[in-house]
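**Student:**
Protein chains: 4
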Amino acid sequence: MAGRTKFQKAMARTIGSNGARTAEAIRQAGVKLIYKHGYEAMSLRQLAAEVGLQSGSLYKYFENKQNLLFDIVRDHMEDLLGKAEADLAGITDPLARLKTFSAFHLRYHMTRMAHVFIANMEIRSLEDEHRAVVVALRRRYEGLLEEILRQGAEDGVFQVSEPKVATYAIISMLTGICMWYRPGGRLSQDELVEIYTGLVVDGATGPGPATAARAKPLEAVAAQPRDSGTRAKPRAARPKTARA
Amino acid sequence: MAGRTKFQKAMARTIGSNGARTAEAIRQAGVKLIYKHGYEAMSLRQLAAEVGLQSGSLYKYFENKQNLLFDIVRDHMEDLLGKAEADLAGITDPLARLKTFSAFHLRYHMTRMAHVFIANMEIRSLEDEHRAVVVALRRRYEGLLEEILRQGAEDGVFQVSEPKVATYAIISMLTGICMWYRPGGRLSQDELVEIYTGLVVDGATGPGPATAARAKPLEAVAAQPRDSGTRAKPRAARPKTARA
Amino acid sequence: MAGRTKFQKAMARTIGSNGARTAEAIRQAGVKLIYKHGYEAMSLRQLAAEVGLQSGSLYKYFENKQNLLFDIVRDHMEDLLGKAEADLAGITDPLARLKTFSAFHLRYHMTRMAHVFIANMEIRSLEDEHRAVVVALRRRYEGLLEEILRQGAEDGVFQVSEPKVATYAIISMLTGICMWYRPGGRLSQDELVEIYTGLVVDGATGPGPATAARAKPLEAVAAQPRDSGTRAKPRAARPKTARA
Amino acid sequence: MAGRTKFQKAMARTIGSNGARTAEAIRQAGVKLIYKHGYEAMSLRQLAAEVGLQSGSLYKYFENKQNLLFDIVRDHMEDLLGKAEADLAGITDPLARLKTFSAFHLRYHMTRMAHVFIANMEIRSLEDEHRAVVVALRRRYEGLLEEILRQGAEDGVFQVSEPKVATYAIISMLTGICMWYRPGGRLSQDELVEIYTGLVVDGATGPGPATAARAKPLEAVAAQPRDSGTRAKPRAARPKTARA
DNA sequence: TATGAATGAGCTTTCATTCAT
DNA sequence: GATGAATGAAAGCTCATTCAT
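Heads up: the sequence lines are chains A, B, C and D, in that order.
Under this note's numbering, the first residue of the first sequence is numbered 118, with each subsequent residue one higher.
Under this note's numbering, the first residue of the second sequence is numbered 118, with each subsequent residue one higher.
Under this note's numbering, the first residue of the third sequence is numbered 118, with each subsequent residue one higher.
Under this note's numbering, the first residue of the fourth sequence is numbered 118, with each subsequent residue one higher.
Written out as structure tokens, the structure is:
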């Protein structure tokens, strides 16, 4: 294939060979160090030391420092996109798709914090050409959510006037989890997924009762009747009267 | 005063003198260049050139590069915190406070994208001691929102089981605006404030499929008369009486 | 002026300042080391050590290694060209001009062996754009001699059928002196000038008595029958019996 | 044999084997790349790529980079010397020998420009011991011409006061052809041989008519203001028999 | 206040070379 | 005979920083 990078070539060679192992080690160390120090602040000497090489030897595995970053970010974005599409495959109901997307995004971001963090922080460090590739992938990923919101709004399930803005808002919110989440914290991944997904769904489905009570009648706006049966279980279990 | 930095001293000197003007120019150029290239990638030569100095001369205005970053970030955080507290002063109702906070945060982030971006991206570049200071300020800022949510939940206005998590989620969502917002876009600041605030309030107040109509919450707070016609159609089309 | 290099700027500053002295020292050391080791083989660390600096400090005085070479070679070529033109100024007789040119070229090459050597050897090391400039200067210099030969041939003083080829031949011959001449040798500069100039003039003015009878001089030796008609006209036109 | 290099050994092995072909390919690629980029600037990676090997594999064919250069230059010099001696064998007349030498040198330099160029340019890149060998070969080669000139002068055929200087001058002139000659140019090899040989012979045989009267040729030009009227302008006007 | 010369450390990258396979 | 992983040194160059003037 034409677009194969040095890294991919090294990986393709006799599996289990030292070269492939080294390539993987470099990739992992690269992710770790860029996550920790930032791309600019990470030196190739550091990286080499981390995998037990001389810095010059790294160039068997990538063209240059910039390409290492690009490889990491692009592969991550392709992985993210592919897995999201796989998770959504077969689901048609917008609300179910929204929950699936949110849950996927959250779990992915809690599991691969470093990759995700890098992909978000170091876009600025990519050269124009590389950035364009990555941004295009990100657009496609955002497009998944945007399309869900758009479809849900069309179906009358969501109250979303600006799907693009809502997409950015939701993704920012969900992605933010990788800024503070650490495994082993008080809340489990499942609990966090539920909390965040609730916020997303509430945001998408529109205003709740609390604001209704203190509404200014003049400007009041109403919701269309919606099927509450499509709601997620936990929430359905919540005593709704508690807030009335 | 003991804690005065070179920058502050330079600013304090004969106000209006060349020195103060230069100090301010350096600060602004610093923000601009760090925003554009990142702290690590910005060189002091660049910065000096931007303000028409030799790089060595910069050291009349700051201790070192790290301190320039610290000054910028800390001052920004103090400004952010101070202005948020000022905006919230006198408001007691949790929902009003939440709307105020959201609106303030959004407007601040749309107005000072560079500062905000830096404060979020370059924390990693701060030395431990400096980072601690900034993180503490950020905690205080987040504390404002957390306290609002906690109070609202106590009052039964908000459906927030985990105020801390919700705080992170909301702030991530709101802050995300500085990643894509550019002045002069299709949507005005007011419109964006309304959309985002709607999402926040909906998220905080919880699910309300069969429930009340939601006022134009922001207008009540933000004081500027706005044309409610900018509102998205779906909501406007909703039967207003449905939640009354 | 637009085309000023770092070197020239450093030289222009307060005369006698340390900067100007350093600039000159770097230039001289550069000539010396490139002469000695070749451009590629000379390291900037060597050069820096030669003038008592750190290698990074050299970059106050030139943009990069390549520009140092270019500066040296271009300045040399301009100097060579300028001095040649000055020497020839006012002389009109072709033979006198030829002798003047030869003498000038020889003396210049015996005096500035290093510069001359570099200018001849390191053209290959110049980047395309720089090489173009230098080659153009060299063409102009060669043009001086070519024009002399052309004029002399026109006047009937020289027997030169191919002025361009003769120009290359003569310049190669004269320039060659810098490959072996060392001051203090058995022969003085004046003696060498006389010997070389004699060869040049003899070559230009054509065959002497000893070879008067050579009709097909080469064929007699080289075994391949060749058409002597390829001979240049001037010689063919010469009255061969005149010297018998 | 003791003095055999890896290259020679590789060549000697099963003739026609792959190894010998590779050895030859490396040699040729080496000549090509050194000619093009210079010895220092040519990397062994380049060379290996040119012949379709990994750079490490080259070491089956030479000891190290330096030895590759030495092999090329020494073999070239031995070839040059051997062929010159062969060409001169049997010729006794100094003038004929001079013409033969010139013609041989020119043709050789027009045919093997790359080898010749390398041998002249890269002597500086040879380590001392190797350079000594090559310089000795060159001395022997120059000795051929010097001896011719010396003999001719003894015989009264040539007007050469300093055979050594004349040797350098002539060889420089002739060798210079490889700096600009390109096959397919306006002038054929034969024509160039004739032109150059003419210059050589004229130079060796001494003054032609135009300069017959040169007693102190240079002084006449250099020092005093000159009266071009005293000049023997028209060549035809001079009594040509003066030198008979 | 500002310059400009200089430092010294460190950067990414390339190189010739080695060697187990 | 050839590979490919790796070395270790060195290259050109940039950087934050210092300091005499």
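We treat Cβ as the ideally placed atom computed from N, Cα and C, and that holds for glycine.
These numbers were taken from a predicted model, which means no experiment stands behind them.
In three-state DSSP terms, what is D:Y313?
**Tutor:** Correct three-state label for D:Y313: helix.
**Student:** For the alpha helix (DSSP H) containing C:M290, list its first residue and its last residue.
**Tutor:** Segment 280 to 292, the alpha helix (DSSP H) holding C:M290.
**Student:** Mapping the DSSP letters down to three states, classify C:M194 as helix, strand or coil.
**Tutor:** It is helical.
**Student:** For D:P211, name the three-state secondary structure that DSSP assigns.
**Tutor:** Helix at D:P211.
**Student:** By a C-beta neighbour count over all protein chains shown, 10 Å radius and 16 as the cutoff for buried, is B:G169 buried or exposed?
**Tutor:** So B:G169 counts as exposed.
**Student:** Under the rule that 16 or more other beta-carbon atoms within 10 Å means buried, what is D:P280, buried or exposed?
**Tutor:** By the neighbour-count rule (16 or more Cβ atoms within 10 Å), D:P280 is buried.
**Student:** Going along chain D, which residues have a C-beta under 8 Å from C:P324?
**Tutor:** Chain D residues near C:P324: G315, V318, D319, T322, G325.
**Student:** Between the Cα of D:Y178 and those of D:A146, D:T322, D:H154, D:L291, spot the shortest distance and give me the residue it belongs to.
**Tutor:** D:Y178 has its Cα closest to that of D:A146, out of D:A146, D:T322, D:H154, D:L291.
**Student:** Quick check on D:M159: does DSSP put it in helix, strand or coil?
**Tutor:** In the structure shown, D:M159 sits in coil (DSSP, three-state: anything other than H, G, I, E or B).
**Student:** How would you call C:E180, buried or exposed, if buried means at least 16 neighbouring beta carbons within 10 angstroms?
**Tutor:** Looking at its Cβ environment, which holds fewer than 16 other Cβ atoms inside 10 Å, C:E180 is exposed.
**Student:** For my contact list, D:V282 and D:A236 are in at a C-beta cut-off of 8 Å; report their separation, rounded to the angstrom.
**Tutor:** Not a contact, Cβ separation roughly 22 Å.
**Student:** In angstroms, rounded to a whole number, what distance separates the CA positions of D:T228 and D:L254?
**Tutor:** The straight-line gap from Cα to Cα measures roughly 20 Å.
**Student:** Only counting the same chain, and skipping five residues up and downstream in sequence, which positions put a Cβ closer than 8 Å to that of B:Y258?
**Tutor:** Excluding residues within five positions, the ones whose Cβ falls inside 8 Å are M194, L197, L198, A201.
**Student:** Just the C-alpha distance for D:A321 and D:Q276, rounded to the nearest angstrom, thanks.
**Tutor:** Using only the alpha carbons, I get a separation of about 6 Å.
**Student:** Give the interface partners of B:A286 over in chain A, defined as CB-CB distance under 7 Å, in chain order.
**Tutor:** By Cβ distance, chain A contributes M290, G293, Y313, L316.
**Student:** With DSSP run on the structure shown, which of helix, strand or coil describes C:Q171?
**Tutor:** Three-state result, C:Q171: coil.
**Student:** I'd like the list of long-range same chain contacts for C:L335, defined as Cβ closer than 6 Å, with 5 residues on each side in sequence excluded.
**Tutor:** In this prediction, C:L335 scores a pLDDT of 43, lower than 50, which makes its location untrustworthy; no coordinate-derived value is stated.
**Student:** Give a yes or no on whether 8 Å exceeds the smallest Cβ distance from B:V282 to chain A.
**Tutor:** Taking Cβ atoms only, chain A reaches closer than 8 Å to B:V282, which makes this a yes.
**Student:** Between which two residues does the alpha helix (DSSP H) holding B:G147 run?
**Tutor:** Run containing B:G147: 135 to 154, per the alpha helix (DSSP H) assignment.
**Student:** For A:R241, return the contacting residues in chain B, with the cut-off set at a CB-CB distance below 7 Å.
**Tutor:** G155, listed in chain order.
**Student:** Mind listing the chain A neighbours of B:L309? Cutoff is C-beta to C-beta under 8 Å, in chain order.
**Tutor:** Result: V282.
**Student:** Given D:A220, which residues of its chain have a CB within under 7 Å of its CB, disregarding the five upstream and five downstream residues?
**Tutor:** These residues qualify, in order along the chain: V310, T314.
**Student:** Give me the Cα-Cα distance between D:D188 and A:E244, rounded to the nearest whole angstrom.
**Tutor:** In a straight line, the C-alpha of D:D188 is about 45 Å away from that of A:E244.
**Student:** How would you call C:G323, buried or exposed, if buried means at least 16 neighbouring beta carbons within 10 angstroms?
**Tutor:** It counts as buried.
**Student:** Rounded to whole angstroms, what's the CA-CA distance from D:I151 to D:M159? Just pull it up for me.
**Tutor:** Approximately 6 Å between the Cα atoms of the pair.
**Student:** Spatial neighbours of A:E167 within its chain, please: C-beta separation below 7 Å, excluding the five flanking residues on both sides.
**Tutor:** Excluding positions up to five away in sequence, the list reads A146, L150.
**Student:** With a CB to CB cut of under 6 Å and the five nearest residues on each side skipped, what residues in its chain are close to A:I208?
**Tutor:** Cβ neighbours of A:I208 beyond the five flanking positions: R214, T217.
**Student:** Answer with yes or no whether the minimum CB distance from B:L185 to chain A is below 8 Å.
**Tutor:** It does not; no Cβ of chain A falls within 8 Å.
**Student:** Is the CB-CB distance between A:G293 and B:Y285 below 8 Å?
**Tutor:** Yes. Within cutoff.
**Student:** Are the CB atoms of C:G155 and D:S242 nearer to each other than 8 Å?
**Tutor:** Closer than 8 Å, so yes.
**Student:** What first and last residue would you give for the alpha helix (DSSP H) that runs through A:D245?
**Tutor:** Run containing A:D245: 245 to 271, per the alpha helix (DSSP H) assignment.
**Student:** Does the distance from the C-beta atom of A:L161 to that of A:S172 stay below 8 Å?
**Tutor:** Contact flag set, yes.
**Student:** Can you tell me whether DSSP reads A:T122 as helix, strand or coil?
**Tutor:** A:T122: coil per DSSP, three-state reduction.
**Student:** Quick one: is D:M230 near chain C, going by C-beta distance under 8 Å?
**Tutor:** No - not a single Cβ of chain C is within 8 Å of the one on D:M230.
**Student:** Determine the DSSP secondary structure at C:R299, reduced to helix, strand or coil.
**Tutor:** If DSSP states are grouped into helix, strand and coil, C:R299 belongs with coil.
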